[in-house]
């Protein structure tokens, strides 16, 4: 079995386009009466609101979500033309029952529907993403059922699997720590596939039509990181 491992390195500088902010101090740095252990306190999830607007550029009627939305049209909106994420990450789905194209919404402003999704629909479902750990580790496999060549990625974003000697065929995945998102094309482009902690034996388990992933990055909870900030080790 051939194994390709990607350690932390220069790929850290390649990030997908999107809202950026300055580097914060760690959110969970001191104990609280309720959670004496800072790490334990980080496991609790407070509301992370998203403000939805019916029109583009944050115009028209609006509503706020702080939990899973069965359907955004049930929130008194006919459609969603733009949105603001106060804290993330959130996960959107193209179709009912949390299926279809997926798209990750991290903290920032999204003035147009097509700024976060390639879908033609504008009435998607939204839910929060709960991370299990601030650490990130994932295994990509060439074939279904965790067979064939294997690539391990630890604490890094990889804009091109080919650049690390791995093919674009990814047919099964083991997400060991953290939340990851894979993309159809290099440079974090194309359809998105979100991998929360767990095992994915076949590509249809992440709602893909073929085993094609060419770039992978971490989804970092705003409690721990802001995009574009890195720690040297």
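Residue numbers (the UniProt record's numbering): 1 to 233.
Note that CB positions come from ideal geometry on N, CA and C, so glycine has one too.
Best match in 101, 166 and 94 for proximity to residue 214 [C-alpha to C-alpha] | Reading the chain shown from its first residue, position 214 is the one you call residue 214. Selection 101, 166 and 94 evaluated against residue 214 yields 166 as nearest (Cα-Cα).
Determine the contact status of residue 127 and residue 82, defining contact as a CB-CB distance below 8 Å.
-> In the chain shown, the residue the question calls residue 127 occupies position 127. In the chain shown, the residue the question calls residue 82 occupies position 82. Taking 8 Å as the Cβ cut-off, residue 127 and residue 82 do not qualify as a contacting pair.
Rounded to the nearest angstrom, how far is the Cβ of residue 177 from that of residue 135, given a contact under 8 Å?
-> Looking up residue 177 in the chain shown gives position 177. Looking up residue 135 in the chain shown gives position 135. Residue 177 to residue 135, Cβ: 5 Å. Contact.
Report buried or exposed for residue 171, applying the criterion of at least 16 other Cβ atoms within 10 angstroms of its Cβ.
-> Mapped onto the chain shown, residue 171 falls at position 171. When all chains shown are included, residue 171 counts as buried.
Which first and last residues belong to the beta strand (DSSP E) in which residue 192 is found?
-> Position 192 of the chain shown, counted from the first residue, corresponds to residue 192. Where residue 192 is concerned, the enclosing beta strand (DSSP E) stretches over 189-195.
Cα-Cα separation between residue 216 and residue 63, rounded to whole angstroms = For the purposes of this step, residue 216 is identified with residue 216 of the chain shown, where counting begins at 1. For the purposes of this step, residue 63 is identified with residue 63 of the chain shown, where counting begins at 1. The straight-line gap from Cα to Cα measures roughly 32 Å.
From this set, 187, 189, 164 and 199, which residue's C-alpha is nearest residue 179's C-alpha?
-> Looking up residue 179 in the chain shown gives position 179. The shortest Cα separation from residue 179 among 187, 189, 164 and 199 belongs to 199.
Return yes when at least one heavy atom of the ligand SAH lies under 7 Å from the C-beta of residue 61, else no.
-> Ligands are entirely absent from the displayed structure, and the ligand SAH is therefore not among its contents.
Closest residue to residue 218 among 210, 197 and 87 (Cα-Cα distance) = Here residue 218 is taken as the residue at index 218 of the chain shown, counted from 1. Among 210, 197 and 87, the Cα nearest to that of residue 218 is on 197.
Kindly indicate which three-state DSSP category residue 184 falls into: helix, strand or coil?
-> Residue 184 sits at position 184 when you count from the first residue of the chain shown. Three-state result, residue 184: strand.
Where DSSP assigns a beta bridge to residue 58, which residues make up the other side?
-> What you label residue 58 is simply residue 58 of the chain shown in a count that begins at 1. In the DSSP secondary-structure assignment, residue 58 is not bridged to any residue.
Starting from the Cα of residue 173, find the closest Cα among 160, 164 and 193 and give me that residue.
-> For this step, residue 173 is matched to residue 173 along the chain shown. Looking at the Cα atoms, 193 is the closest of the given residues.
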